[in-house]
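Heads up: the sequence shown begins at 1 in full-length UniProt numbering, then just goes up one per residue.
Virtual Cβ for every residue (Gly too), placed ideally from N, Cα, C.
Worksheet: the structure to be examined is printed underneath.
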Amino acid sequence: MTTNTAVQRSQNLPKRRLESIGECPAKRKASWGILTSQGSWADRSPLHEAASQGRLLSLKTLLSQGYNVDTLTIDQVTPLHEACLGDHVGCARILLEAGANVNATTIDGVTPLFNACSRGSAACAELLLEYGAKAQWESCLPSPTHEAASRGHSECLEVLISWGIDVDQDLPHLGTPLYVACVSQQIHCIRKLLYAGANVQKGKHLETPLHAAAQHSSTEIVNLLLEFGADINAKNTDFERPVDLAAPSSLVERLLLLHEGKFHVCVFATITCILKNNQPNKQKKPPKPNKTEPPFPPAPKTQQSKQHML
């Protein structure tokens, strides 16, 4: 086979494919996600558009006409992804009832639950979890928990916590949800995570949540972490403490120095108390008698001595 013949055949392949598609009935094209009006592969089908815009009636009509509920775009985005990103709970429910894949992932690993948490739709998140959505993945896929924590969507975070997520899930490129919330200065999420039992010392590698909080200006967050037992002397990979990362002469730096001073005073008092308790008990000598007082008290006078005197 000559080179020209091979090139000609390779160029004819797309034409044959389009011709074979053109011979298929419209209903079959719709199930593939093809816009029959345009006669070409669609990046976004009418089902995607209806789901993203919250058009319930259009969504029901398209599904009744035979559209595939899990129609994919080039990036493998489903209509359920669109409905959750738009906070359209009704559309999400219709799609799930029609059999939509609740754990569908895009080429970037994004799930419908991630989209719901990114938008802050606690209602969509709850619905997805009821239909079997996986809240946490073992691999390094985009994490709904980290997304909710970083964006300050505390209601979504509360829903995830109620479904038993690991609040200390550690992703190598992000750290823990608490660390992410401290980086983004989301105090409501920080509070929810701490009260849910998040480890106040666990952050990203050796950098603690307090390291992240110290680099910003929120004394409220720093105080909250200290109340839950954050170590002010913890060192990161560069051997820096949280106070070393605070802006010079800032309120956060003063607050950390104040707690550092209290810490040293408490340590000194504790060590002093331990040393005193560990000293051997010395036998105490009896007190010396007072020279002004007689060594023995005078004997009381009896009745006979009184009569003799008379």
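Neighbourhood of Pro122 by C-beta, 6 Å cutoff - its chain only, sequence neighbours within 5 removed: Here residue 122 turns out to be Ala, not Pro, going by the sequence shown. The beta carbon of Ala122 sits closer than 6 Å to those of Glu155, Cys156 and Val159, all from its chain and outside the five residues before and after it, given in chain order.
8 Å Cβ cutoff met for Leu85 and Arg119: yes
Neighbourhood of Leu171 by C-beta distance below 7 Å, restricted to the same chain and skipping five residues each side: Cys140, Ser143 and His146
Gln136 versus Glu97, Ala100 and Thr176, residue with shortest Cα-Cα distance: Thr176
Runs of alpha helix (DSSP H) wholly within the segment 76-139 (minimum 4 residues, chain order): Counting whole runs of 4 or more residues, the segment 76-139 contains the alpha helix (DSSP H) stretches 79-85, 89-97, 112-119 and 122-130.
Sequence-distant residues of its chain with Cβ nearer than 6 Å to Glu207 (five each side left out): Scanning its chain for C-beta atoms nearer than 6 Å, with the 5 sequence neighbours on each side dropped, one finds around Glu207 the residues Asn236, in chain order.
Cutoff 8 Å; reference Thr219; Cβ partners in own chain excluding five residues on either side: The residues Leu251, Val252 and Leu255, in chain order, have a CB closer than 8 Å to that of Thr219 in the same chain once the five nearest residues on each side in sequence are set aside.
Beta-carbon spacing of Pro242, Ala214 below 8 Å: yes
Proximal residues to Val183 (C-beta, below 6 Å), its chain only, five neighbours per side dropped: Ala212
Gly229 in three-state terms, based on DSSP: Coil, per DSSP.
Euclidean distance between Cα positions of Ala230 and Gln185: Straight-line spacing of the CA atoms in Ala230 and Gln185 works out to 16 Å.
Straight-line gap, Asn101 to Asp70 (C-alpha atoms, nearest Å): 7 Å
Own chain partners of Asp166 with C-beta closer than 7 Å, once the 5 adjacent residues on each side are dropped: If we look at Asp166 and ignore the five residues flanking it on each side, its Cβ neighbours are Gln136.
Continuous alpha helix (DSSP H) stretch holding Leu141: start and end: Taken as a continuous stretch (DSSP letters only), Leu141 belongs to no alpha helix (DSSP H), as it is neither H nor E.
Inter-residue Cα distance where the pair is Thr73 and Thr111: 14 Å
Same chain only: Cβ atoms within 8 Å of Leu257, ignoring 5 sequence neighbours per side: Val243
Simplified DSSP state of Gly66, which is helix, strand or coil: It is coil, neither helix nor strand.
Residues near Ile190 in its chain [Cβ-Cβ closer than 7 Å; skip 5 each side]: Contacts found: Leu178, Ala181, Cys182, Ile221 and Leu224.
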